[in-house]
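Line by line, the protein sequences are chains A and B.
Taking our numbering, I'd label the letters of the first sequence as residues 10 to 287.
Taking our numbering, I'd label the letters of the second sequence as residues 959 to 1261.
By construction, the Cβ of each residue, glycine as well, lies at the ideal position given by its N, Cα and C atoms.
Here the structure comes first, spelled out in structure tokens, and everything after it is commentary.
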Amino acid sequence: MKPFAALVRKVVHESRGTLLLTAAALFGLGWLSVYITSRNESQILKAIASGELGERLEWLRRLGIGTAPTSVELMMAFWNHPFFVTLVAIWGISRGSAAVSAEIERGTMDLLLSRPVSRTAYLLAQVLVAVLGLCVLGAALAVGAILGVHYNTLRVPPGAWELIRVSANLAALALPIYGYTLLISTVDHVRWRPTWIGSTLTLAGFIGHVITGFPVFAESWWKPWVDRVSIFSAYDPVELVTKAQSFGPHVGILAGVGGACVVLGFILFARRDLPANG
Amino acid sequence: MDDGVLIRTRKLTKAYSEVRALESLDLEIRRGEVFGLLGPNGSGKTTTIRLLLGLLRPTSGDAAVAGFDCWRESLQVRRRTSYLQGELRLYGSMRAFEVLELLSDLRDGLGLDRAIAIADRVMKLDLRRRVRTYSTGMKQKLALAQVFSDPAEILILDEPTSALDPSARGLVMELVSEAKRQGQTVVFSGHVLAEVEQVSDRVAIMRKGRLMHVEDMHARRGLRMLLIKYRSDGPVTIPGELGLIERKREGEAFLYEHQGELPALLGWLASAPVEDLAIGTEDLRSLYDRYHGPAVDDEEQPS
């Protein structure tokens, strides 16, 4: 157990800066989403009720906000902001690319794997820290929002479990991002390539998801296909607070895609050559 | 492996598409010996070491350490080996003692006290400093402290003195000798022939991924080279039982190789028409140059 614990400590040591920064940012965003909702809730509701939902608020409709939204539905509209997704994606991509190729690029893989440590144990330590990190990020967002609810006034304050559920869904969104970046990292020897490919895939998925939300493409033949392919279809905070049962399938899909990539990564890493430094 | 052989390779080959980094290597390294690997860059030394450690997968053939297959059972192999990389990289953001602690923990916490003692008292390193503030030589000393404190049967040192000053090099040679006294097997790759010659029991010379020659250094140390200039130009008869073998003629003198009883040789020399005489040993350089000298044919076959 000592070698595995040492590997985990090493990965935590390397990733703690990114984790602290992203967790702090998500905590702040969680709080901020409550604060903004509490300050603007009555105005938004008035605009919706009067039927004069200007262009400025049109995007709320596209996110599934109905004619009589609750406070938490309005709040969750903010949780669709790219900032939220970007923060968990940063963690997923940075940990995925760091797992193997960064260690090879730095020349320290030999140092570890010439010791009596299996490749499986090495990668398992990486995955464990990445997943625990995601739990920390989800918790930071939930705690920020829960404290925000406690210190700000909302018309109908949401329950803590509602906020925790959506935070967990957001954290789970990073699983496939981490998975496919790690998969590329296990067969590469430089960090920039998995980072670049992981970022491109994530951005493409996000753009695809945004485009399918435009009314003009509502009847397009390709819309269902893009919806199916984009992982962002499995993160819908507004839907999650109105239909709690979508949590399981969404998180299941995200964890399934991420898990499959990680398993494939384990197989490829166990079979590959580790190049010499220099 | 109960025949005294600890490391054995059979037809071990590593190819990268068209390039054959190692070609059909058959090698046996005995328990408790110091085995030197010699050859220029690209000769296959590091590839051999990485195949032994299971960091590379053989294209064909196999390698075993203490009876364990180096690829399929590499964890068992690495339990028995400690390795110093040729192109050493350490974690710059860690303090030196943290690096020793990490590497020791990866071996269940074994050898940490000894590693700290060697690094602190023998290598004179400040273990509180961050590794990025160390010079290349200091980093190598730190890694050496770890390797020599590992309770491993086999030490694999890939160019262990490449970044060291002369006094540290001497220290490494002492540590290698001490490891041998403790019964450890040492595989030593390097470019400094004098160092390899000093500590090795046997030496393998490699070229372009092929094993060219294995030399027993003990036999070699008993070898004398004699350069004799005779008084007369006429033929000199040398008794066969003397063990004197003519190697070549150098101007008016003759170069001989001798591996036999010294009194008999001295007795014959006293009666022979010798005008001038020089006795010495042949260093590893001349053996090495047979396979890597400027006049060597690239297609020369292994001996």
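- Our two residues, Gly1069/B and Asp1108/B, have alpha carbons roughly 5 Å apart in a direct line.
- Nearest CB-CB separation between Asp1063/B and chain A: below the 8 Å threshold.
- Shown here, Thr1195/B sits in coil according to DSSP, grouped into three states, outside any helix or strand.
- Interface criterion not met: the Cβ of Arg1090/B is under 8 Å from no Cβ in chain A.
- Val1194/B and Ala1230/B have their C-alpha atoms roughly 8 Å apart.
- By the rule that beta-carbons nearer than 8 Å mark a contact, Tyr1049/B touches chain A.
- Proximity of Ala15/A to chain B, defined by a Cβ-Cβ separation below 8 Å, is satisfied.
- Contacts with chain B at 8 Å (Cβ-Cβ) include Thr117/A.
- Put simply, of Gln135/A, Cys144/A, Leu132/A and Gly73/A the residue whose alpha carbon is nearest the alpha carbon of Ala32/A is Cys144/A.
- Listed along the chain, the chain B residues whose CB falls inside 7 Å of the CB of Val126/A are Leu1064.
- For the segment 193-205 of chain A, the beta-carbon criterion of a distance under 8 Å to any beta-carbon of chain B is satisfied by none of its residues.
- Bridge partners of Leu1113/B according to DSSP: Ser1040/B and Val1144/B.
- Cβ-Cβ distances below 7 Å link Ala134/A to Phe13, Leu16, Val17 and Val20 in the same chain, with the five nearest sequence neighbours on each side left out; the list follows chain order.
- In the three-state DSSP reduction, Tyr187/A falls in the helix class (H, G or I).
- Pro203/A is a Cβ neighbour of Ser110/A, given a cutoff of 8 Å.
- For Ala285/A, the nearest beta carbon of chain B is closer than 8 Å to its own beta carbon.
- In chain order, Ser123, Arg124 and Pro125 make up the part of chain A whose C-beta sits under 7 Å from the C-beta of Arg1036/B.
- For Tyr1246/B, the three-state secondary structure derived from DSSP is helix.
- Ranked by how close their Cα comes to the Cα of Val136/A, the residues Gly274/A, Gly147/A, Asn286/A and Asp282/A have Gly274/A in first place.
- Put simply, the CB of Lys11/A is near chain B, with a gap under 8 Å to one of its CB atoms.
- Against chain B, the CB of Asp282/A has a partner CB under 8 Å away; the residue lies at that interface.
- In this structure Thr251/A is not in contact with Arg1047/B, their Cβ atoms being roughly 53 Å apart against a cut-off of 8 Å.
- CA-CA distance, Ala264/A to Asp1159/B, rounds to 57 Å.
- Around the C-beta of Met10/A, fewer than 16 other C-beta atoms lie within 10 Å, and the residue is accordingly described as exposed.
- Secondary structure at Thr251/A: helix, using DSSP grouped into helix, strand and coil.
- Look at the segment 20-42 of chain A: it has no residue with a C-beta under 7 Å from a C-beta of chain B.
- Under DSSP, Thr971/B shares a beta bridge with Ser1018/B.
- The continuous stretches of alpha helix (DSSP H) do not include Phe993/B, which lies in the beta strand (DSSP E) extending over residues Val992 to Leu996.
- DSSP places Tyr131/A inside the alpha helix (DSSP H), whose first and last residues are Arg128 to Tyr160.
- Excluding five sequence positions before and after Val1130/B, the CB atoms of its chain that fall closer than 6 Å to its own CB belong to Pro1118 and Thr1119, given in chain order.
- With a contact defined as Cβ atoms closer than 8 Å, Glu1173/B and Thr1143/B miss out at about 18 Å.
- In the structure shown, the three-state DSSP call for Arg989/B is coil.
- In the same chain as Ile1237/B, and ignoring 5 residues on each side of it, the C-beta atoms closer than 7 Å to its own belong to Arg1182 and Leu1184, in chain order.
- Just measuring C-alpha positions, the residue of Asn286/A, Val271/A and Asp282/A sitting nearest Ala108/A is Val271/A.
- Going by C-alpha positions, Val977/B is about 30 Å away from Arg988/B.
- In this structure, the straight-line span from the alpha carbon of Ala154/A to that of Arg71/A is close to 23 Å.
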